[in-house]
Amino acid sequence: GYDITRDEYLARVQDEEKKISLLKQQYGAAIVDLIGGAEELALSTLTQEKLLSSAADELEISIDDTFAAERVNNPLFVMQFLGDVVPPYVFDKNGKLDKQGLVKVLQRRGISVSQFEGIVEELLRRMLVGSIVSSATYI
């Protein structure tokens, strides 16, 4: 199994607090009643991620490097799923990834290229398992 560390939890709570703050600005304070608090959201999303990662391990799912590279070169994918790591300005106006810009951003955040590749691979593994689970039907 996968453990949720205190540091992971606290970092996720901070991320969720930022998201909730932005949502409050857009939709008002009542949004918190609908989505819950930062602690609840952090624990829920971390638990879901750990369960999906565990299932991906059990199913021995691996991601092809070419597929992962294609996803990273897709600005919509990056904004939706990697926006907390990769800012939109690493893409030019034509939607092309500035690889040197990405490396600089990662360095500023203390993330190596191989760590980033691991983040992307794990995200894609979890997404694949989630897709399998959501499309499963019972007969």
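Residues in the sequence shown are numbered consecutively from 4, following my numbering.
Think of the CB as a built atom: it goes at the ideal place given N, C-alpha and C, for glycine as much as any other residue.
Would you mind working out which of the options sits nearest residue i, comparing C-alpha positions?
i    : options                   : result
L126 : T69, S137, E52 and I135   : E52
L26  : I38, Q17 and V16          : I38
F70  : E61, T48, E63 and F80     : F80
D36  : L46, L100, I23 and S47    : I23
D60  : E124, S138, S137 and A139 : E124
G113 : V89, T8 and N77           : V89
D10  : Y30, L49, V75 and K21     : L49
Identify whether residue i lies in helix, strand or coil by the three-state DSSP scheme.
i    : result
L100 : strand
Could you tell me whether the Cβ atoms of residue i and residue j are closer together than 8 Å?
i   : j   : result
E63 : L44 : no
When burial is assigned at 16 or more other CB atoms within 10 Å of the CB, is residue i buried or exposed?
i    : result
A139 : exposed
A41  : buried
V136 : exposed
Item to complete: Mind the definition here: the stretch 120 to 137 touches the stretch 42 to 57 only if three or more C-beta pairs lie below 8 Å; say whether that holds.
Response: Touching, yes, given that three or more Cβ pairs across the two stretches are closer than 8 Å.
Practice prompt. Assess, as a yes-or-no matter, whether the stretch 107 to 122 is touched by the stretch 83 to 95 under the definition of 3 or more beta carbon pairs within less than 8 Å.
Written response: Touching, yes.
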